[in-house]
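Enquirer: Questions regarding the structure given below will be posed in turn.
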Amino acid sequence: MTRYPDHDAFQTYGFIELSSPTIAEAIDHCVQNGATEITVVPVLLLTAGHARVDIPEQVEEAIKVYPAIRIHYRETIGVCEEVVELAVKRLEAAGMSRLADKAKRADVDVLLVGRGSSDGYQPSDVAKIARLIYERVDCRYVETCFLAATTPTVEEGLEKVERLRSGHTVVLPYLLFTGVLMNELEQKLQRRNGETTYKLCAFLGADHELAPVIVSRALASGGHV
């Protein structure tokens with residue numbers, strides 16, 4: 000366990016699935032180290048099934064196991080200034096510029112690629128983020144698509160920018176963690192053979208600029224399960 004800088008608390012981590020320690024194991028570890036109050040923060044960019052169902056279910060099970068321990072559940076990172084700025088910086092690293100003149104935009108487009116979720120919240124949040132990026136970045140359009148579970152798919156997103164006669168499109172993976180997703184996205188781009196050229200920029204990643212957001216979620220009031 001690690002102590003938060005400037006806060007009288009310790010931190011540990013757990014995984015929703017496929018890796019260890021699990022959320023239950025992480026909570027066990029906290030209790031074994033003397034915790035009487037635990038705050039669970041989902042390190043997820045947007046709210047979807049994991050944040051609304053999977054993690055709360057595991058937290059509820061932990062409450063049954065440790066009824067004397069106060070366990071709080073906080074919000075995801077969500078749509079916030081820090082994460083939008085991080086997305087803009089990824090685009091700048093890919094050669095794009097911040098918007099200087101709204102009346103004269105560069106002949107380049109952005110395709111924002113979300114993870115995808117079957118609920119209606121994530122697509123609407125990705126649309127909000129796309130609008131915020133459009134207001135800050137020098138480009139013609141910011142289109143959206145998703146890797147899984149919802150539409151438009153990546154293929155549909157690529158087809159749309161090509162229909163818009165985009166000469167060049169920068170593809171921004173709106174992801175914290177990638178697994179095999181970046182490889183799949185690279186392969187999809189390599190298979191395109193139209194006139195549009197593509198540049199795949201870096202995914203958001205576990206950037207240090209997101210740490211204050213996660214700490215603020217942990218310290219927020221009004222947690223729930």
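Start counting the sequence shown at 0; every next residue gets the next number (numbering that gives the first Met the number 0). Glycine included, C-beta positions come from ideal geometry on N, C-alpha and C.
#1: Pro172 bridges to which residues according to DSSP?
#2: Which runs of the alpha helix (DSSP H) spanning at least 4 residues fall entirely within the segment 47–120, listed in chain order?
#3: Let me know the secondary structure DSSP gives His223 once reduced to three states.
#4: Exposed or buried, what is Gln57 when buried is set at 16 or more other beta-carbons lying within 10 Å of its beta-carbon?
#5: Spatial neighbours of Thr225 within its chain, please: CB distance less than 7 Å, with the 5 preceding and 5 following residues excluded, ordered by chain position.
#6: Would you decide whether His223 is buried or exposed? Buried here means 16 or more other CB atoms lie within 10 Å of its CB.
#7: With a 10 Å radius around its C-beta and 16 neighbouring C-beta atoms as the bar for buried, classify Asp124 as buried or exposed.
#8: Checking 8 Å against the spacing of the C-beta atoms, do Ala34 and Ala61 come in under that value?
#9: In whole angstroms, what is the alpha-carbon distance linking Val214 and Leu44?
#10: Classify Val212: buried if its beta carbon has 16 or more other beta carbons within 10 angstroms, exposed otherwise.
#11: For the candidate residues Val136, Ile37, Arg97, whose alpha-carbon lies nearest to that of Ile26?
#12: Return helix, strand or coil for Leu199, following the three-state DSSP convention.
#13: Give the single residue among Leu111, Glu80, Gly193 whose Cα lies nearest to the Cα of Val164.
#14: Who are the Cβ neighbours of Val78 in its own chain at under 7 Å, not counting the five residues just before and after it?
#15: With contact counted as at least three CB pairs below 8 Å, one residue from each stretch, are the segment 63–73 and the segment 161–175 in contact?
#16: Using the rule of at least 16 other Cβ atoms within 10 Å of the residue's Cβ for burial, across every protein chain shown, is Glu154 buried or exposed?
#17: Please state the DSSP three-state secondary structure of Glu185.
#18: Around the Cβ of Arg89, are there at least 16 other Cβ atoms within 10 angstroms (buried) or fewer (exposed)?
#19: Are Val87 and Leu209 touching if we call contact CB-CB under 8 Å?
#20: Quick check on DSSP: helix, strand or coil for Glu208?
#21: Would you mind stating whether Tyr197 and Leu111 have Cβ atoms separated by less than 8 Å?
#22: For Ala205, I'd like the list of residues in its chain whose CB is within less than 7 Å of its CB, leaving aside the five on either flank, ordered along the chain.
Expert: For this structure:
#1: As a working mapping, residue 172 is identified with position 173 in the sequence shown. Pro172 is bridged to Val112.
#2: 54–64, 80–92
#3: As a working note, residue 223 is residue 224 in the sequence shown. Confidence is the limiting factor: at His223 the pLDDT is only 48, short of 50, which leaves the residue's position unreliable and the question unanswerable from this model.
#4: Numbered from its first residue, the sequence shown carries residue 57 at position 58. Buried.
#5: A query on residue 225 cannot be resolved here, the shown segment of the chain reaching from 0 to 224 and no further.
#6: Counted from its first residue, the sequence shown places residue 223 at position 224. Model confidence at His223 stands at a pLDDT of 48, short of 50, so the residue's coordinates are unreliable and nothing is read from them.
#7: For the purposes of this step, residue 124 is identified with residue 125 of the sequence shown, where counting begins at 1. Flag for Asp124 reads buried.
#8: As a working note, residue 34 is residue 35 in the sequence shown. As a working note, residue 61 is residue 62 in the sequence shown. No, the Cβ-Cβ distance between Ala34 and Ala61 is not below 8 Å.
#9: Sequence index remark: in the sequence shown, residue 214 carries index 215 (1-based). Sequence index remark: in the sequence shown, residue 44 carries index 45 (1-based). The alpha-carbon atoms of Val214 and Leu44 are separated by roughly 14 Å.
#10: Start at 1 with the first residue of the sequence shown, and residue 212 comes out as number 213. Buried, because 16 or more other Cβ atoms sit within 10 Å of the Cβ of Val212.
#11: Counting from 1 along the sequence shown, the entry for residue 26 is found at position 27. When only C-alpha atoms are compared, the closest one is Ile37.
#12: By one-based count along the sequence shown, residue 199 stands at place 200. Note: Leu199 maps to strand in three-state DSSP.
#13: The count along the sequence shown starts at 1 and reaches residue 164 at position 165. Residue 164 is actually Arg in this sequence, not Val. If we check each option's Cα against that of Arg164, Gly193 comes out closest.
#14: Within the sequence shown, the letter at position 79 stands for residue 78. These residues qualify, in order along the chain: Asp124, Lys127, Ile128.
#15: no
#16: As a working note, residue 154 is residue 155 in the sequence shown. Classification for Glu154: exposed.
#17: Within the sequence shown, residue 185 is the residue found at index 186, counting from 1. Three-state result, Glu185: helix.
#18: Mapped onto the sequence shown, residue 89 falls at position 90. That one is buried.
#19: Translated into positions along the sequence shown, residue 87 becomes position 88. Translated into positions along the sequence shown, residue 209 becomes position 210. Contact: no.
#20: As a position in the sequence shown, residue 208 is number 209, starting the count at 1. Helix, per DSSP.
#21: Counting from one through the sequence shown, the residue named residue 197 turns up at place 198. Counting from one through the sequence shown, the residue named residue 111 turns up at place 112. Contact: no.
#22: Within the sequence shown, numbered from 1, the residue matching residue 205 stands at position 206. The residues are Leu175.
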